[in-house]
Structure formats: structure tokens, C-alpha cells
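To convert a position in the sequence shown, counted from 1, into our numbering, add 1050. Beta carbons: idealized from backbone N, C-alpha and C, even for Gly. Notes to accompany the following structure.
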Amino acid sequence: MRKTFQSTKDFFKNTFHYFAPVIFFHLLLLLVVVPTLTATTNFLLHRKEIDYLAYDNVLSIFSQHPLTAFALLGVLVLILVSVFLEFTFLTILVHFVKQKEKVTIPELLYATFSRLRHLRPSFILFFLFYFMLVLPLSGFASGIDIISAIQVPNFILEFIATNNWWLLAAYILLTLLSIFIGYRLIFVLPLMILQQKKLRTSLRVSWQMSKGKFKVFFFRFIAIFISLLASFWIISQLLILLQSAIDHHMPQIALASATVIMFIIQVSALLHMLLSLILIFYVVINLLEELTTEEIYVELRAFRLLPKGWRWAGRSLLGLFTILFIALIGVFNVYYLSQDTLSNPLIISHRGVSEKNGVQNTIPALIETSQTYHPDYIEMDVRETKDKQFVVMHDENLRLLAGVNKKVNELTLAELTKLTVRENGKSAPLPSFDEYLKEADRLNQKLLIEIKIPLKEDVNAVSKNFLQRYKKDIEAKNHQVQSLSFDLTRSLKKQDSSTFVSYIMTYNLIGVPKSNVDAFSVEISTLDSEFVEKAHDYGKKVYAWDVNDANTVQRMRLYDVDGLITDDIPVVKKTIEKTQSGMSFAQKIRIYLLDLGNADLTDLSSDSFSSFNV
């Protein structure tokens, strides 16, 4: 316990020694490396007129454009190398700070890039496994820029947690296994970087050194982590409460105070981010130095980023840049806080239910949801049957809802409509799309129709069949169509440009795809304001899914999204109604914290509106 306390004390004592180098390398990654890798990926795709990159076209890229595929693999290797360089830079920095040795940024850069000469092809395979699977799932390196972008989308986690106990068990076991492997291999990179050991040796030594030390590692990590979390949470909450009081009692200075308070929170958030980034490296290297007697040697070589005699110019430019940067932040804060308008998005019921009021994609749920909640659209799913009819069903396999271990396209419409589906303690007949559409038209309820297809299905045949049957009704009643298949959406628009079609994106990987669709339906985990702005520039609408809490509603409205797909219509409607005239400055600062990735720090509840009564 004494060592844990001392470790925590030393970590915070050396805080400002980390600041400049980490900021420098962070900016190098965000302003140079990441944009370059993104631009390279887009160039490779556009060069061969590949409109997008997603799970459903990876195989076709390899088969039709093998050179481009190998070039994209090269980009992946560069990504892995970038992560390795970030690990190396931070490891060496923490080592010198702990040793109380002064080291310059140029010396750190030399020591970092000199480690590249030790890389071997076997390292790349290890990095692919370690950086892309073990660390993201274990959470050990969530602060690393590129690794933090690797995440399981919310909708998959919700599906795992609520629908399949065995999937949930498998996910928990996989996560625990990743934590175990991540911990047992936690010394591999420091051993390679600081002691220049070979990969095989580092794997063996790390496995031996980490044995029986998890408790020590855990308590040191958690002590610093909780200290960081608590300090940032307390600071942000006190400042927001102060702004709330000013909003109510001194509105004449509310904008000025909000600008200053938001700047303080931004600085605090930056400091929190930097220390969170350093945390895992500090704990690991601290433990490594206790467990090893081998000498740690890092070769340094001094060199100048600027010619001799130009240091004053560099410092002047740095000072000017700092002043300009602060001024730009101030301008951004005033602009952000001065926005009075929030988007008034369409409210779309996900799978035709709300608050678990029925069985998804069934006619009783359609009637109940339409007449009780009056959504602008009801999103629902259709699949093609064995006899080329269409039935309303989300899952490819009927086992979960209907208790029949068959795929939809293995049965005829007559066989399917004899089945009963069960969910949320209710049951209903499995409907044909003709029946569902007829009932929606009777209710004057507009539909957002998602066409689901197996991976190897003939998209042109499916789109032709669908449009021949339903084009007139869709146009007459202003229904809309969407699909997770990019090729299907392209085929639908090619065969009938007047049909409103949206492409569903489970992940915003490299920005807005080049497409002839009318909209993009994007999962909220990776949706940001930049995507929405760019899509609007291209004349495309953006729907966000699944939006089920008050804070996400407001965040999406600030992004200016055009539609919210939700499982909880009352929450969405109530949130919008409460802020029709706009949000207070305190509320806007709370939402800004969400955008900083600190939703867990702001005491925001998915089932209450207390955060909007500040």
C-alpha cells in the first residue's frame, strides 16, 4: 500500500515534465500522421473508383483490385508502425522522467525512430494481434490515439447484452482473456524498447515477470486512475454548476463566463487526456524497473530541429502559435456557445417498437407505436423469401424470435406467415411485407424500409424485384428505403433515382462515402459533426441510430442530424420539447464534454432529464 501511495504521488509530481513532449507527439500524430494515412487510403480507393471501404466489400477488393488491396495492407502496416512509434516515444519519455534525467524532444525523436531498425516481419504479426485485438478489448491502452478508435459499436454491445446469453458469456470470456493476455504481455514492448531484447525473449520474460504481480499492477493503476477521474469530474461539475448559477442569476455576463469556463474545462480535459495516456506506461515501467536488475540503456543523439542561432525565432514562433491557438479556441467557444438553433430531426421508431411495447416488426406493434407515439417514420426490416416474396423480419435466422432454426430465404412466404414471433413477453404472427405495408398505409404511417440481404445475394435482382412490387406505393406514401449493403443501395438508385435511399453505416471509418444515395444512417459511436457537415455539403441527409437517451439526442441535434432512430420515442420527444427554445450555456458545456469523450464523467443519466435542468 505504501508503494502504491508513493507511486501515485510520484506520478502527479512529475505531471508537467510530460506536458510538452506528449503534446508535441500527439499533434504530430493528429495533424500529420492520421491525415496522411486517411488521405492515402482515400487516394487508393478513388484511384480504382472504389466508393467505400466496409466489411461487405473487402473480398471484392482483393479479387477485383489485388494491387489496391495489397496497398491498403501496406497502409495497415503503417498504422501498426505508427502505434509502435507512439508506444516507443511514451515509454522512453516516462523512463527518463522517472530517472529525473532531462531529455529534449529531438533526442526523444531520435531514440524513438532509431527503434525502427529492429522491426522484423514477425513483429508486424505480433503488433496486429496485440494492438488491434488484445489492447482494445482489454482497455489497457484506450488513451492511444489510433487504438482508441478501435471499438465495438454500441448496437452490437446492446444486442449481445439483451438477446443472447451465450453471446454475452462469449464476449465476457473474450474480454477477460484479452485482459489476461494483455497483462501477461504487458512488459513485451518495454523490454524490446528499453532493453532491446528480441521479440521471442521479450514474450518469455514478460510472461515470467508478470506472474503473481497482477494485484500490485492493479492497485497502482486503479489508484492513479481514480485520482485522475475524480479530479476531472469534480472540476468539471463545479464549473458547470457555477455556469448554471450564472445562467439563472446573471444572464448579462453568462456568455463571457461560459467562454472562460469552457476554456478552463478544455485545459483540464487536455491535462486529463495527457495523464491518462501516460498512466499505463508509468505503472508498467515503474513495475519493470522494480522487477529487473538488467541495465536499461537508451541511446540519445542531440540534433537541432532549427539551425544554430535560430532558437529565439523558434521560441517566438511557438509563443505566437500559442497565443493564436488560445485566440482560436476563444473564437470557437463563443461561436459554439452562441448557437441558438438545434436541428428539429425526424423521429423514427426502431423496428416499429418503443419502450418494448410489442414484438419488433409485427403489425400489432406497428399499430400500437403509430397510434400511441406518432413517429415521423417507423423503421422496419424486410427479407426476400425462398419464393421471392418479401417478409418482415430483422434476423437472417428465425431461431431467436420464432424458435425455428431456419433462414428466411429457406422458407416460402406461406410457410413463414404461419409462424409466431415472440419478444418482450408478447407474441404476434410473422407478417408479410404486403400486409405490413397495407396496414401502414391505412394508418397514414410513413415507413423507413430496410432491405436485408445475405452477403452473396444478387443485389440487382433483389432491387428489381422490390421496386417492381412496391415502387408506386413508396412514391405515393413517401416511404423511404435503406440498406446495409452499399451495392444494393447503388442498384436501387440506378434503377429508380426517385426512390429515397439511405446507406446504413455501422462505422464511420474514413468519412463520407462517395455515393448516389440520398442519406446515410450512421451508428452513433463514430458519428461526429464533421461527418454531418460534409454529408450536408454533398446534399445528403444523416440519420443517427440508435438514439435512446437525452444527452445523445441533444448531441445529435447540435450535430444538425436530420433524423433520430430510437427505441424510446418518449425520451426523444420530451428532450426536444424541453429545449425547443435552445439550451442554456451550462447544458451546452455538458454536451461539449460528451464530444470530448468524457460522457462517463458528466453524471448524465439515460433515463432522466436532470442534466438538462442545471
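The three-state secondary structure of Gln1532, taken from DSSP, is strand.
In this model, Asp1587 and Asp1568 are separated by some 12 Å (Cα to Cα). The secondary-structure analysis by DSSP pairs Leu1498 across a beta bridge with Glu1429, Gln1530.
Shortest Cα-Cα distance from Ile1397 to any of Ala1121, Ala1273, Val1572, Lys1623 involves Lys1623.
The distance from the Cβ of Ala1304 to that of Asp1297 is about 5 Å, consistent with a contact at the 8 Å cut-off.
Taking a C-beta distance under 8 Å as the contact criterion, Leu1218 and Lys1263 do not qualify as a contact pair. Straight through space, the alpha carbons of Leu1327 and Phe1382 are spaced by roughly 25 Å.
Counting only the Cα atoms, Val1441 lies some 31 Å from Leu1577. Leaving aside the five residues that flank Phe1536 on each side, the residues in its chain whose CB is nearer than 8 Å to its CB run, in chain order, Asp1101, Tyr1102, Ala1104, Asp1106, Asn1107, Tyr1553, Pro1563, Ser1565. Shown here, Lys1591 sits in a strand according to DSSP, grouped into three states. Within the DSSP secondary-structure output, Leu1396 pairs in a beta bridge with Gly1613.
If only uninterrupted alpha helix (DSSP H) runs of at least 4 residues are considered, those enclosed by the stretch 1095–1128 are 1108–1114. Pro1171 is positioned such that its CB atom lies no closer than 8 Å to that of Glu1405.
Counting other Cβ atoms within 10 Å of its Cβ, Arg1472 stays below 16 and is therefore classed as exposed.
When secondary structure is reduced to three states using DSSP, Pro1085 falls in the helix class.
Assigned with DSSP and collapsed to three states, Ile1554 falls in strand. In the three-state DSSP reduction, Phe1313 falls in the helix class (H, G or I).
A direct Cα-to-Cα measurement between Thr1419 and Thr1616 gives close to 12 Å. Contact between Leu1480 and Met1443 holds, with the beta-carbon distance rounding to 7 Å and staying under 8 Å. Here DSSP, grouped into helix, strand and coil, assigns Asn1447 to strand. Judged by their CB atoms, Ile1641 and Leu1614 are not nearer to each other than the 8 Å cut-off. Cβ neighbours of Thr1141 within its own chain (closer than 6 Å, five residues either side excluded): Pro1240, Ile1243, Phe1331.
Remark: fewer than three beta-carbon pairs, one from each stretch, lie closer than 8 Å, so the stretch 1443–1455 and the stretch 1506–1526 are not flagged as touching.
Looking at Leu1223, Thr1435, Arg1165, Ala1121, the one whose alpha-carbon comes closest to that of Val1458 is Thr1435. DSSP places Thr1225 in the uninterrupted alpha helix (DSSP H) bounded by 1215–1234. The closest CA to that of Leu1122, considering only Thr1462, Asn1092, Lys1591, is found on Asn1092. Burial state of Ile1315 is buried, judged by a 10 Å Cβ sphere holding 16 or more other Cβ atoms.
Cα atoms of Val1409 and Leu1325: separation of roughly 47 Å, rounded to the nearest angstrom. Relative to Glu1500, the option among Ile1290, Val1083, Asp1445 whose CA is nearest is Asp1445. Between Leu1387 and Thr1309, the beta carbon gap of about 6 Å places them in contact (Cβ cut-off 8 Å).
For Val1572, the uninterrupted beta strand (DSSP E) run begins and ends at 1569–1573, by DSSP.
Annotated as distal: Ser1513 and Leu1534, with beta-carbon spacing of 8 Å or more.
Within the same chain, and ignoring the five residues on either side of Ile1574 in sequence, the residues whose Cβ sits closer than 8 Å to its Cβ are Asn1204, Ala1594, Trp1595, Asp1596, Val1597, Thr1602, Met1606.
DSSP, reduced to helix, strand and coil, places Ser1404 outside both helices and strands of the structure shown, so it counts as coil. Per DSSP, reduced to three states, the secondary structure at Arg1165 is helical.
Boundaries for Pro1504: no beta strand (DSSP E) harbours it, and the DSSP string shows neither H nor E there.
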